[in-house]
Amino acid sequence: MDKQEEKELARRMVDEIRRLAQLQEKKLRLMEVCGTHTVSIFRAGIRQLLPENIELVSGPGCPVCVTPDRYIDKAIAYAGREDVILATFGDMLKVPGSVSNLSEAQSNGADIRILYSPMDGLQIAREHPDKKILFLAVGFETTAPTAAATVLAAKQQGIRNLFMLSAHKLVPPALRMLLNDAEVHVDGFLLPGHVAVVTGTDVFRFLARDYHVPGIVTGFEPLEILRSLVRLLQQKAEHRSEIGNEYGTVVRQEGNPVSRKILEQVYEPVDAEWRGIGTIPLSGLRMREAFAEYDIEQVLPLSISVSPKKTACRCGEVLRGIVMPPACPLFGKACVPTHAIGPCMVSVEGVCAAWHKYGGERFRFGK
204 MDKQEEKELA RRMVDEIRRL AQLQEKKLRL MEVCGTHTVS IFRAGIRQLL PENIELVSGP
264 GCPVCVTPDR YIDKAIAYAG REDVILATFG DMLKVPGSVS NLSEAQSNGA DIRILYSPMD
324 GLQIAREHPD KKILFLAVGF ETTAPTAAAT VLAAKQQGIR NLFMLSAHKL VPPALRMLLN
384 DAEVHVDGFL LPGHVAVVTG TDVFRFLARD YHVPGIVTGF EPLEILRSLV RLLQQKAEHR
444 SEIGNEYGTV VRQEGNPVSR KILEQVYEPV DAEWRGIGTI PLSGLRMREA FAEYDIEQVL
504 PLSISVSPKK TACRCGEVLR GIVMPPACPL FGKACVPTHA IGPCMVSVEG VCAAWHKYGG
564 ERFRFGK
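Residue 204 is where the sequence shown starts when you use the working numbering, and the numbers rise one by one after that.
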């Protein structure tokens, strides 16, 4: 399919979205639950194409954005120890804690290394046997299996100086929380394709079964997103609630059995704090007792006090789809990507960062 054919197909799907919108009995709020979807939607200008009675909002799909102050403060405390080398993904450096961030800690002399994979920490651990190599294990079901595989590899290779500070989050419990929240109203979900590669589609069945809310596992190209929107609106027009899969090239109903097995071998669910949202039952992961020797909080527990930070930042409400970023008084003023007040502006997948970069642009599909 060439560019012209893609444009024509996109126009036909937009026309279908507008036709289906006329069949709706009320204004609908649809939510994408993936930071990559958020960026793709803005980059393609899809929001601007939707009829007035179809609103597309962003959910808590950016792992950096939902990482709480307490975790960042603890990471900074560990980084301040002379016997620790902190290893992390680069987008964690500027995530604000209660008083500082990792970038400032690095400027103050902390040994912080940027990695592309937790597996890279194995080599650092071999090169520095006198140091504790601490990886910041942050992410959803997409990245958690790699962290788990790293722990298994360390154990197999006899590496005893590599540790994890875990803050992995699970998407399905967060969606349940949203639907139980009286302030949140969602009529359908664009479900995260990367997460579903690991989990499969069955983990999302509760949306339709318990809440009568449809969801479509979605890819990341504009045509895939538009097709998923058509399918959601078809279900709403026909008063159906099902979980569909528009990312069938890589997502299976059962997910990835190997990744799931590794994840379940190393981790177990635990209640977890989400920044701006609060504690969500069984929405996080901690290492099982059999792997406690790789859990830094078990090996070297630290007690920290978090200073409550008063700010006008509305990131928590943005992550729940209650308000759009421009409703925050800091957005585009005190809070910009080069000087972020809240985490939604820090990450390239953050809702506020996407709004700031793409929010005013029109549809650019196929250019």
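Just so you know, even glycine gets a beta-carbon here, dropped at the ideal spot from N, CA and C.
task: Helix, strand or coil for K277, going by three-state DSSP, please let me know.
output: helix
Look at the alpha carbon of C555 and the alpha carbon of P540, and state the distance between them as a whole number of angstroms. 9 Å
Please list the terminal residues of the continuous alpha helix (DSSP H) segment that includes E449. Premise fails: E449 is in no alpha helix (DSSP H) and is neither H nor E.
Quiz prompt | C-beta neighbour in chain D for R232, strict 9 Å | solution = Within the model displayed, chain D is absent; a lone protein chain is all it includes.
Would you give the residue range spanned by the beta strand (DSSP E) that E228 belongs to? It is not in any beta strand (DSSP E) - E228 carries neither H nor E in the DSSP assignment.
Have a look at L212 and L296 and give me their C-alpha separation to the nearest angstrom. 41 Å
Which runs of the alpha helix (DSSP H), 4 residues or longer, sit entirely within the segment 279-334? 305-310 and 323-330
Check: Taking Cβ to Cβ, would you say C237 is nearer than 9 Å to L426?
Finding: no
(Q) Quick check: what's the CA-CA separation for I257 versus R273? (A) 37 Å
| task | Please report how far the alpha carbon of F568 lies from the alpha carbon of G248, in whole angstroms. | result | For F568, the pLDDT reaches just 40, beneath the cut-off of 50, and the residue's location in the model is therefore unreliable, although a value from the coordinates is still provided. The alpha-carbon atoms of F568 and G248 are separated by roughly 7 Å.
*In terms of alpha-carbon separation, which member of E467, F292 and A411 lies closest to R491?*
E467
### Task
Determine the closest residue to G447 out of F409, S261 and S462, with distance taken between C-alpha atoms.
F409
**Asked** Excluding the five sequence neighbours on either side, which residues of its own chain have a C-beta within less than 7 Å of the C-beta of E564, listed in chain order?
**Response** Because the pLDDT of E564 is 43, which lies under 50, any placement of that residue in the model is unreliable, and the question is left without a value.
Checklist line | Own chain partners of F338 with C-beta closer than 6 Å, once the 5 adjacent residues on each side are dropped | finding: A290, P321, G324 and M367
Fill in: Rounded separation between R284 and A313 - CA only
8 Å
Worksheet entry | S431, DSSP secondary structure in three states | helix
Cα-Cα separation between V242 and G553, rounded to whole angstroms
8 Å
Going by C-alpha to C-alpha distance, which of A352, I220 and M204 sits closest to K464? A352
**Q.** Span of the alpha helix (DSSP H) around P529
**A.** Segment: none, P529 is in no alpha helix (DSSP H) and carries neither H nor E.
Compare the beta carbon distance of A340 and S369 with 9 Å and say whether it is the shorter of the two.
-> yes
CA nearest to the CA of V389, picked from G418, H240, G293 and I428 | G418
### Query
For the segment 339-369, which segments carrying the alpha helix (DSSP H) assignment without a break, of at least 4 residues, lie completely within its bounds, in sequence order?
347-360
Quiz item: In chain order, what residues of the same chain lie with their CB nearer than 6 Å to the CB of A617, ignoring the 5 residues before and after it?
Solution: What is shown of the chain runs 204 to 570, which leaves residue 617 out entirely.
Discussion item. Measuring straight from C-alpha to C-alpha, what distance separates L373 and R523?
Written reply: 15 Å
Residues that DSSP places opposite E235 in a beta bridge = S261 and L393
Assigned secondary structure, M490 (DSSP; H/G/I helix, E/B strand, else coil): strand
* In three-state terms, what does DSSP make of E500? -> helix
Exercise. Using a threshold of 9 Å, state whether the C-beta atoms of L488 and A347 are closer than that.
Key: yes
Tell me, to the nearest whole angstrom, how far the beta carbon of E445 is from that of Q438; I am working on the premise that it is less than 8 Å. 6 Å
### Query
According to DSSP, is A475 helix, strand or coil?
strand
### Query
Whose CA, out of C516, A280, D498 and Y319, lies closest to the CA of N311?
A280
Legend entry - Through-space distance from G361 to C518, alpha-carbon basis: 42 Å
Q.
For the alpha helix (DSSP H) containing G519, name the first residue and the last one.
A. C518 to L522
*asked:* Give me the residue from G535, C516, E500 and Y561 with the minimum Cα distance to P299.
replied: C516
Reduced DSSP category for T402 - H, G, I as helix; E, B as strand; rest coil
helix
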